[in-house]
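Enquirer: Pasting a structure below so you can have a look.
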Amino acid sequence: MTVGFTLNGQTQSLSCQPDRTLAQVLRDDMGLTATKEACSIGRCGACLVLIDGKATNACLTMAFQLEGTAVVTTEGLDNDALAAVVRKALAEENAFQCGYCAPGFVMALVALLKENPAPGEENIRAGLEGNICRCTGYHSIIRGALAAARMVQETLK
Ligand code: FES
Ligand code: FES
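So for the sequence shown, the working numbering puts the first residue at -7; every next one is plus one.
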């Protein structure tokens, strides 16, 4: 089957089998390996992408469901000002150790801050509840997320 959608702003016409997930297509067929896959059952958030602006697990999204959508992967955030703020804040707080979970956390925070540029800690914790990190105790990630929210609010003043 063939599916038409945009990927990081580029029009795509993708031929795929009906049992292929978006995570498989991105990583295996398109070489976009910044999207990680860990649990493959929608529990860890490593595979988050934006679909029509909403953070979505690529491991649970079938490629055939993409028709007419706009997909943004971690690679597509490289020129995104909000993502730059999030990445900077997380780096300054040494938020990650191995970094495998980082693209998913960044994607979740970008989606959260696009929707709510002034989240409180409760909102941030709720926004990240679908993301798992096996290395840290989450404190540094939450500190980084709070710092990112403060930076966003400063730039909006
Ligand atoms: S790999 Fe998709 S949620 Fe874990
Ligand atoms: S830093 Fe290693 S999984 Fe999060």
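Beta carbons are placed, not taken as given, at the ideal position from N, Cα and C, and that holds for glycine.
Note down, in chain order, each residue of its chain lying with its Cβ closer than 6 Å to the Cβ of Leu82, except the 5 sequence neighbours on either side.
Expert: Hits under 6 Å: Gly136.
Enquirer: Taking 7 Å as the limit, tell me which residues put their C-beta closer than that to any heavy atom of ligand 2, in chain order.
Expert: Per the Cβ criterion, the list is Phe88, Gln89, Cys90, Gly91, Tyr92, Cys93, Ala94, Cys125, Arg126, Cys127, Thr128.
Enquirer: At a threshold of 7 Å, does Ala30 count as lining ligand 1 (C-beta to nearest heavy atom)?
Expert: Under cutoff, so the answer is yes.
Enquirer: Considering only C-alpha positions, which residue in the set Ile133, Met(-7), Leu104 is nearest to Glu84?
Expert: Of the candidates Ile133, Met(-7), Leu104, the one whose C-alpha sits nearest the C-alpha of Glu84 is Ile133.
Enquirer: Given this structure, state the Cα-to-Cα distance separating Met143 from Val77, to the nearest angstrom.
Expert: Rounded to the nearest angstrom, the two C-alpha atoms are 7 Å apart.
Enquirer: Going by C-alpha to C-alpha distance, which of Phe97, Glu146, Asn49 sits closest to Leu14?
Expert: Taking only the C-alpha atoms, the option nearest Leu14 is Asn49.
Enquirer: Is any non-hydrogen atom of ligand 1 found closer than 7 Å to the C-beta of Ala38, if you look at the structure I gave you?
Expert: Yes, since a heavy atom of ligand 1 falls inside the 7 Å radius drawn around the Cβ of Ala38.
Enquirer: So is the beta-carbon of Gly119 under 7 Å away from any non-hydrogen atom of ligand 1?
Expert: Not so, every heavy atom of ligand 1 lies at least 7 Å from the Cβ.
Enquirer: Which residue or residues does DSSP assign as beta-bridge partners of Leu40?
Expert: Its beta-bridge partners are Asn49.
Enquirer: Cβ of Arg79 versus every heavy atom of ligand 1: is any distance shorter than 7 Å?
Expert: No, the Cβ of Arg79 stays beyond 7 Å of every heavy atom of ligand 1.
Enquirer: Does at least one heavy atom of ligand 1 sit under 7 Å from the Cβ of Cys8?
Expert: The answer is no for Cys8.
Enquirer: Could you pull out every unbroken alpha helix (DSSP H) segment of at least 4 residues lying fully inside the stretch 122 to 148, listed in chain order?
Expert: Qualifying alpha helix (DSSP H) stretches, in chain order: 131 to 148.
Enquirer: Tell me the DSSP bridge mates of Gly(-4)?
Expert: The partner list for Gly(-4) (beta bridge, DSSP) reads Ser5.
Enquirer: Within the continuous alpha helix (DSSP H) that includes Val17, where are the two ends?
Expert: Element bounds for Val17: n/a, residue is neither H nor E.
Enquirer: According to DSSP, what are the bridge partners of Val64?
Expert: For Val64, which the question treats as bridged, DSSP gives the partners Leu42.
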